[in-house]
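Colleague: Top to bottom, those sequences are chains A and B. Number 207 in our numbering belongs to position 207 of the first sequence; there are no gaps in the numbering. With the second sequence counted from 1, adding 444 to any position gets you our numbering.
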Amino acid sequence: MLGKERCLDIYNVVKSFVKAPQFEVLIIGQDESLTRYANSVIHQNVRTADVTVQLRVVSGKKIGISSTNDLSRDGLADLVKTAMEIMALSEEDPDFLSLPEPQKIEYPSFNYFDSSLQFDSEDYRADIISKICSKSKNRSLKAFGRFSTSKMELFVGNSLGVEAYTKSTEANLNVQIMGEGFSGFAQSTSKFISELEVERAMNDAIEICLMSKSPTELEPGEYPVILKPEATEDVMEMLNYMGFSCNAISEGRSFLSGKLGEKIFSENISIIDDGVDRRGFVIPFDFEGIPKQRVEIIKNGIFKDFVTDSKWAHKLGRRNTGHALPAPNTFGPIPINIIFSEGIKTLEEMISETDEAILITHFWYSNPINPKIGLATGLTRDGTFLVRNGKIEKPVKNLRYTDSLVSLFSDVLAIGRELRLCERSLVPAIKCKSFKFTSIAPSQ
Amino acid sequence: MEVALERANELGATYSDLRFEENEYENISIKNEKVEGIKRNRSSGFGVRVIVDGSWGFSSSNEISKESILRVVEEAYKIAKASAKVKEHSVELAKVEPYKDKVMHNAKIDPFTIPLSEKLELLKEATNLMNVSPEIKVRMGSMRFLKQRKIFASSEEAFIEQERIESGAGISATAVDGNEVQVRSYPNSFGGDFSTFGYEFIRELKLIENAKRVGEEAKALLKAKECPKGFKDIIIDGNHLALQIHESIGHPSELDRVFGFEAAYAGTSFLTPDKLNNFKVGANLVNITSDATIIGALGGFKYDDEGVLAKRVYLVKNGIFMGYLNSRETAAMLGLEPMGAMRAEDWQKIPLVRMTSINLEPGDYELSDLIGGIDDGILLSTTKSWSIDDKRLNFQFATEIGWEIKGGKLGEMVKNPSYMGITPEFWNSCDGICSRKFWHVWGVPNCGKGEPSQIMRVSHGASPARFRRVKVGVANVG
């Protein structure tokens with residue numbers, strides 16, 4: 001990690017070479033360690049560290065962008081030369097107004113960087129994995145998964161006075177437990193390695209795996225579903241990808257296009273994006289150095305607002321919500337800290353109050369078919385169960401769904417009261433009235 | 445490099461290698477005739493892989509100095525020692541020749557020497573030609589280039605320097621009418637077509653010549669009838685058959701998957717070792733090769749990232765599953781010969797078993813003969829959506845466009861064509877493959893695998909092929 005002072009040094013070196021009316025320096029430092037295990041042994045164990053310096057130079061509406069990981073004076077001089085060359089050859093972008101002016105960033109008062117020795121320890125990761133593998137072997141099962149830790153630092157400075165620096169950490173433990181033809185999965189993720197729920201993830205994955213033994217085939221068709229938080233996150237990620245980006249909404253390609261103020265989901269669904277909520281991963285500003293705004297995207301099922309960056313805020317005449325990704329961002333600004341509102345039910349209550357439903361641990365290989373209606377396909381994985389008469393009756397083979405995920409969230413019967421951090425989203429378990437399954441995945 | 449390998453040896457590594465890379469990228473995207481983004485990126489660094497106490501360790505850094513190299517070697521050593529705490533067997537590597545070689549790139553014209561203005565002009569003209577009606581809301585054009593220099597050195601005294609250039613481009617038109625959205629791409633979706641040739645490849649893509657047709661097809665799809673449901677005979681065009689080969693034969697042939705190394709993420713494989721040399725994965729006319737020696741193929745190279753010389757091997761011969769994509773480690777586990785499929789996305793990443801150029805070998809049909817042999821069917825072209833289960837058996841794919849086939853003749857255009865199947869049943873239903881005249885090696889720049897995630901550039905040789913009694917219209921939920 002470079003630290004803020006070294007980032008400022010790099011900024012000043014770049015500044016000394018730039019001959020453009022406006023410029024922006026973005027520095028992203030990453031240090032990631034990742035240990036993978038399979039068949040109850042560690043088979044891959046890696047660390048990687050890199051720093052990327054990206055320069056955006058601006059003259060009027062002409063822009064040049066270049067990046068490098070050569071932090072030497074010569075490397076930075078070359079970076080400036082390349083960006084200036086691109087700018088000179090570029091044409092004007094009529095939608096571009098200016099680099100953003102500085103805005104006051106409210107840095108969280110709480111800590112979101114893990115500086116413990118354990119965070120960098122390959123021995124600590126190996127010891128946790130050893131425990132998971134031993135417990136699996138005791139049950140005649142095999143353990144698979146990964147344990148990763150990553151540090152990120154982000155600096156943004158521009159010639160209009162933006163100067164922002166932050167650093168954060170993420171730790172993630174994935175546990176997949178397998179028997180012969182059946183499996184279970186659980187995960188835990190946190191800013192701090194000490195807050196990972198190792199026991200819960202390990203025990204849940206083993207329990208789900210043991211419950212999954214000897215799955216039977218269930219006739220494809222429409223069924224109510226209970227999604228565990230990880231499955232809810234899979235659906236939310238696909239909806240986000242298909243329809244929540246400012247570009248997709250504005251260009252008419254999204255299921256949200258032209259529907260601001262309209263009811264999209266069940267009225268018990270509310271979704272915000274908040275980059276400084278202490279329960280999630282914290283990033284106080286975006287890749288242009290603009291403070292992250294709390295955006296109420298869905299309130300009581302109604303599409304209320306969407307995220308922007310400086311270019312799209314100008315183009316659409318809306319506020320800049322601070323959701324820029326590194327330029328040039330052809331995908332458009334998109335929520336990356338999604339938070340659902342909690343419901344009132346526990347997962348156990350949802351199951352006990354169900355006549356018939358399919359309980360899903362998580363999904364695999366979902367892909368969009370028609371983003372305009374939220375149509376997608378994918379498969380269940382690592383624990384799919386038939387719930388009948390208030391109890392988990394039996395495991396079933398993995399099923400392929402082909403359905404509109406917008407429709408899935410349009411008739412939500414219950415929302416879990418516990419939010420779990422999955423990937424970068426805080427999500428609950430959800431019970432939905434109907435989901436269409438179109439085929440069975442063979443288990444050979 | 446000697447410093448690294450000597451230090452690894454001093455620490456007690458039984459094997460070590462170091463891979464140094466310098467990469468230069470250029471990405472250009474045009475949207476509605478305006479520049480959406482131009483970016484050049486330079487990235488250099490090195491990665492060190494060691495075996496200590498029978499286990500792997502890997503570390504990498506962008507800091508290229510003697511101190512940094514020694515620090516990274518020691519990190520890799522410590523990581524390997526930690527790995528060894530949770531092992532059952534020691535890693536063994538199948539023996540290979542330690543080559544010393546220098547390999548030049550395939551490009552006639554270095555794309556980084558072509559002025560940006562020429563590239564922009566080509567893309568702007570092509571995107572403008574797609575603007576055939578107000579319904580064409582988004583017109584995209586893009587080019588991507590890579591120039592790479594890579595040095596591999598190992599404790600077994602291999603020393604290989606390789607240069608590589610990659611070039612690719614494509615266009616797409618998105619038509620919108622109310623709730624209807626249709627996309628047409630050329631020459632393929634997800635960025636077009638890619639190769640290890642230079643800018644001459646871009647000029648041969650004929651983007652301008654095809655742009656108007658692409659716009660017109662996107663518009664026509666808005667009004668086209670829905671793909672019918674039911675069991676039909678289908679012909680899959682080469683640009684989508686590439687994806688079918690990729691997902692249902694390429695990935696399950698990766699031997700690390702078979703051994704469960706990817707189980708918790710990318711999944712496993714139905715092609716278990718008991719099926720090697722005896723499992724009928726396809727019809728007799730189905731021959732699928734892994735061939736990294738094809739000049740210009742995006743999945744081609746001379747040596748992989750373990751220094752193994754590239755080869756042409758059969759994965760499927762006369763319909764029988766015959767071989768795996770492997771690494772030195774996984775080859776040794778099955779007593780096989782390494783065939784050179786270990787590839788890393790860049791210097792930061794550890795090599796994994798990846799696809800090379802995985803090809804459905806051409807047959808002897810004319811396309812008109814394939815169509816003529818269908819009474820009631822669909823011709824499908826250009827990948828739109830794909831999904832397959834974690835064993836690579838149950839797949840469901842959709843293409844951008846299709847045409848009915850009635851009485852041996854091509855008929856009306858259909859929208860939202862989709863089909864599903866179970867891998868061996870599907871490939872056993874193949875009864876016709878077009879000849880080499882129709883065969884093309886499609887560059888696929890976005891193959892994802894591994895943790896940390898790695899995006900690999902691979903390729904697939906394919907010509908249109910016919911499959912009997914396939915379930916179509918499966919994504920039509922209306």
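For glycine and all other residues, C-beta sits at the position ideal for the given N, C-alpha and C.
Does the beta-carbon of M783 (chain B) have 16 or more other beta-carbons within 10 angstroms, so that it is buried, or is it exposed?
Modeller: For the purposes of this step, residue 783 (chain B) is taken as residue 339 along the second sequence, with counting starting at 1. So M783 (chain B) counts as buried.
Colleague: Which residues bound the alpha helix (DSSP H) around F17 (chain A)?
Modeller: Residue numbering aside, residue 17 (chain A) sits at position 17 when the first sequence is read from its first letter. F17 (chain A) -> alpha helix (DSSP H) spans K4 to F17.
Colleague: So for K656 (chain B), helix, strand or coil by DSSP?
Modeller: Counted from its first residue, the second sequence places residue 656 (chain B) at position 212. Helix, per DSSP.
Colleague: Cα-Cα, which of B:A551, B:Y521, B:F882 and B:I652 is closest to E644 (chain B)?
Modeller: If you number the second sequence from 1, residue 644 (chain B) lands on position 200. It is B:A551 whose Cα lies nearest to the Cα of E644 (chain B).
Colleague: For V235 (chain A), collect the residues of the same chain with a Cβ closer than 6 Å to its Cβ; drop the 5 residues on either side in sequence, then sort them by chain order.
Modeller: Stepping through the first sequence from its first residue, residue 235 (chain A) is reached at position 235. If we look at V235 (chain A) and ignore the five residues flanking it on each side, its Cβ neighbours are L405.
Colleague: Buried or exposed for D735 (chain B), going by 16 or more other Cβ atoms inside 10 Å?
Modeller: Residue numbering aside, residue 735 (chain B) sits at position 291 when the second sequence is read from its first letter. When all chains shown are included, D735 (chain B) counts as buried.
Colleague: Check whether chain B comes within 7 Å of V13 (chain A), counting only Cβ atoms and requiring the distance to be less than that.
Modeller: Translated into the one-based positions of the first sequence, residue 13 (chain A) becomes position 13. No, because no Cβ of chain B sits closer than 7 Å to the Cβ of V13 (chain A).
Colleague: For the structure I just gave you, are there three or more beta carbon pairs, one from the segment 505–523 of chain B and one from the segment 82–94 of chain A, closer than 8 Å?
Modeller: Output reads no: the segment 82–94 of chain A does not touch the segment 505–523 of chain B.
Colleague: Check the Cβ of Q840 (chain B) against every Cβ in chain A and list those closer than 8 Å, keeping chain order.
Modeller: For the purposes of this step, residue 840 (chain B) is taken as the residue at position 396 of the second sequence. Those within 8 Å of Q840 (chain B) in chain A are T377, R400, T402, T438 and S439.
Colleague: M777 (chain B) by DSSP, collapsed to three states: which one?
Modeller: Numbered from its first residue, the second sequence carries residue 777 (chain B) at position 333. Reduced to three states, the DSSP call for M777 (chain B) is helix.
Colleague: Count the other CB atoms within 10 Å of the CB of T216 (chain A); is the residue buried (16 or more) or exposed (fewer)?
Modeller: On the first sequence, position 216 is the one that residue 216 (chain A) refers to. Classification of T216 (chain A): exposed, given that the 10 Å Cβ count is below 16.
Colleague: Am I right that G489 (chain B) and E519 (chain B) are in contact with their C-beta atoms under 8 Å? What's the rounded C-beta distance?
Modeller: As a first step, residue 489 (chain B) must be located in the second sequence, where it is residue number 45. As a first step, residue 519 (chain B) must be located in the second sequence, where it is residue number 75. With 8 Å as the limit, G489 (chain B) and E519 (chain B) do not qualify as a contact, their Cβ atoms being about 14 Å apart.
Colleague: Whose C-beta lies closer than 8 Å to the C-beta of Q444 (chain A) among residues of the same chain, with five residues either side of it excluded?
Modeller: In the first sequence, the residue the question calls residue 444 (chain A) occupies position 444. Low local confidence applies: a pLDDT of 48 at Q444 (chain A) is under 50, so the model's placement there is unreliable, and no value is given.
Colleague: What are the start and end residues of the alpha helix (DSSP H) that includes R608 (chain B)?
Modeller: Walking along the second sequence from the start, residue 608 (chain B) turns up at place 164. Not the alpha helix (DSSP H): R608 (chain B) falls in the beta strand (DSSP E), residues F603 to D621.
Colleague: Which partner residues of Y469 (chain B) appear in the DSSP bridge assignment?
Modeller: Here residue 469 (chain B) corresponds to residue number 25 of the second sequence, with the count starting at 1. Paired residues: B:N485 and B:L590.
Colleague: According to DSSP, is R388 (chain A) helix, strand or coil?
Modeller: Numbered from its first residue, the first sequence carries residue 388 (chain A) at position 388. Strand at R388 (chain A).
Colleague: Once you ignore the five residues that flank E750 (chain B) on each side, which residues in its own chain have a CB closer than 7 Å to its CB?
Modeller: As a working mapping, residue 750 (chain B) is identified with position 306 in the second sequence. Excluding positions up to five away in sequence, the list reads S771, R772, M786 and P795.
Colleague: Grab me the residues of D790 (chain B)'s own chain with a C-beta within less than 7 Å of its C-beta, minus the 5 sequence neighbours each way, in chain order.
Modeller: Start at 1 with the first residue of the second sequence, and residue 790 (chain B) comes out as number 346. Hits under 7 Å: E465, N467 and S487.
Colleague: Short of 7 Å in beta carbon distance, which residues of its chain neighbour L537 (chain B), apart from the five on each side in sequence? Order them along the chain.
Modeller: Sequence index remark: in the second sequence, residue 537 (chain B) carries index 93 (1-based). Correct list, in chain order: Y459, R772, E773 and A776.
Colleague: Is the shortest distance between the beta-carbon of L837 (chain B) and the beta-carbons of chain A less than 7 Å?
Modeller: Sequence index remark: in the second sequence, residue 837 (chain B) carries index 393 (1-based). Output row for L837 (chain B): interface = yes.
Colleague: Can you pull the chain A residues whose beta carbon is under 9 Å from the beta carbon of G481 (chain B), in chain order?
Modeller: For this step, residue 481 (chain B) is matched to residue 37 along the second sequence. Result: I63, I65, A327, P328, N329 and T330.
Colleague: Within the continuous beta strand (DSSP E) that includes N203 (chain A), where are the two ends?
Modeller: On the first sequence, position 203 is the one that residue 203 (chain A) refers to. Careful: N203 (chain A) lies outside any beta strand (DSSP E), inside the alpha helix (DSSP H) at V198 to M211.
Colleague: Quick check: is the beta carbon of S460 (chain B) nearer than 7 Å to any beta carbon in chain A?
Modeller: Counting from 1 along the second sequence, the entry for residue 460 (chain B) is found at position 16. S460 (chain B) does not count as touching chain A.
Colleague: Tell me whether the segment 608–616 of chain B and the segment 651–668 of chain B touch, counting them as touching only if at least three CB pairs, one residue from each stretch, are closer than 8 Å.
Modeller: Yes, the segment 608–616 of chain B is in contact with the segment 651–668 of chain B.
Colleague: Tell me which residue opens and which closes the beta strand (DSSP E) that T361 (chain A) is part of.
Modeller: Residue 361 (chain A) sits at position 361 when you count from the first residue of the first sequence. Residues E356 to N370.
Colleague: Could you check what DSSP says for R772 (chain B) in three-state terms: helix, strand or coil?
Modeller: As a first step, residue 772 (chain B) is located in the second sequence; it is residue number 328 there, counting from the start. In this structure, R772 (chain B) counts as helix in the three-state DSSP scheme.
Colleague: Taking one C-beta from the segment 198–207 of chain A and one from the segment 728–746 of chain B each time, how about it: are there three or more such pairs within less than 8 Å?
Modeller: Result no; under three Cβ-Cβ pairs closer than 8 Å.
Colleague: Cα separation between V18 (chain A) and T232 (chain A)?
Modeller: Here residue 18 (chain A) refers to the residue found at position 18 when the first sequence is read from its first residue. Here residue 232 (chain A) refers to the residue found at position 232 when the first sequence is read from its first residue. In a straight line, the C-alpha of V18 (chain A) is about 47 Å away from that of T232 (chain A).
Colleague: What separation, rounded to the nearest whole angstrom, lies between the Cα atoms of N575 (chain B) and S257 (chain A)?
Modeller: For the purposes of this step, residue 575 (chain B) is identified with residue 131 of the second sequence, where counting begins at 1. For the purposes of this step, residue 257 (chain A) is identified with residue 257 of the first sequence, where counting begins at 1. Approximately 22 Å between the Cα atoms of the pair.
Colleague: Give the residues from the segment 512–535 of chain B that approach chain A closer than 9 Å (Cβ to any Cβ), ordered along the chain.
Modeller: Per Cβ criterion, the list reads V516, E519, A520, K522, I523, A524, K525, A526, S527, A528, K529, V530, K531, E532, H533 and V535.
Colleague: How many angstroms separate the CA atom of L71 (chain A) from the CA atom of V53 (chain A)?
Modeller: Within the first sequence, the letter at position 71 stands for residue 71 (chain A). Within the first sequence, the letter at position 53 stands for residue 53 (chain A). Taking the straight line from one Cα to the other gives about 8 Å.
Colleague: Going by DSSP in three states, L173 (chain A) sits in which element: helix, strand or coil?
Modeller: Looking up residue 173 (chain A) in the first sequence gives position 173. Here L173 (chain A) sits in strand by DSSP.
Colleague: In whole angstroms, what separates the C-alpha of P442 (chain A) from that of R294 (chain A)?
Modeller: For the purposes of this step, residue 442 (chain A) is identified with residue 442 of the first sequence, where counting begins at 1. For the purposes of this step, residue 294 (chain A) is identified with residue 294 of the first sequence, where counting begins at 1. One C-alpha to the other measures close to 44 Å.
Colleague: Closer than 7 Å by beta-carbon distance: list the chain A residues that pair up with V918 (chain B), in chain order.
Modeller: Locating residue 918 (chain B) in the second sequence gives position 474, where the first residue counts as 1. Neighbours of V918 (chain B) on chain A, chain order: T402 and T438.
Colleague: Is it buried or exposed, V885 (chain B), if we count other Cβ atoms within 10 angstroms and call 16 or more buried?
Modeller: As a working note, residue 885 (chain B) is residue 441 in the second sequence. Answer is buried; the Cβ neighbour count reaches 16.
Colleague: Express the C-alpha separation of A357 (chain A) and Q44 (chain A) in angstroms, rounding to a whole number.
Modeller: As a first step, residue 44 (chain A) is located in the first sequence; it is residue number 44 there, counting from the start. As a first step, residue 357 (chain A) is located in the first sequence; it is residue number 357 there, counting from the start. Each residue's alpha carbon lies about 39 Å from the other.
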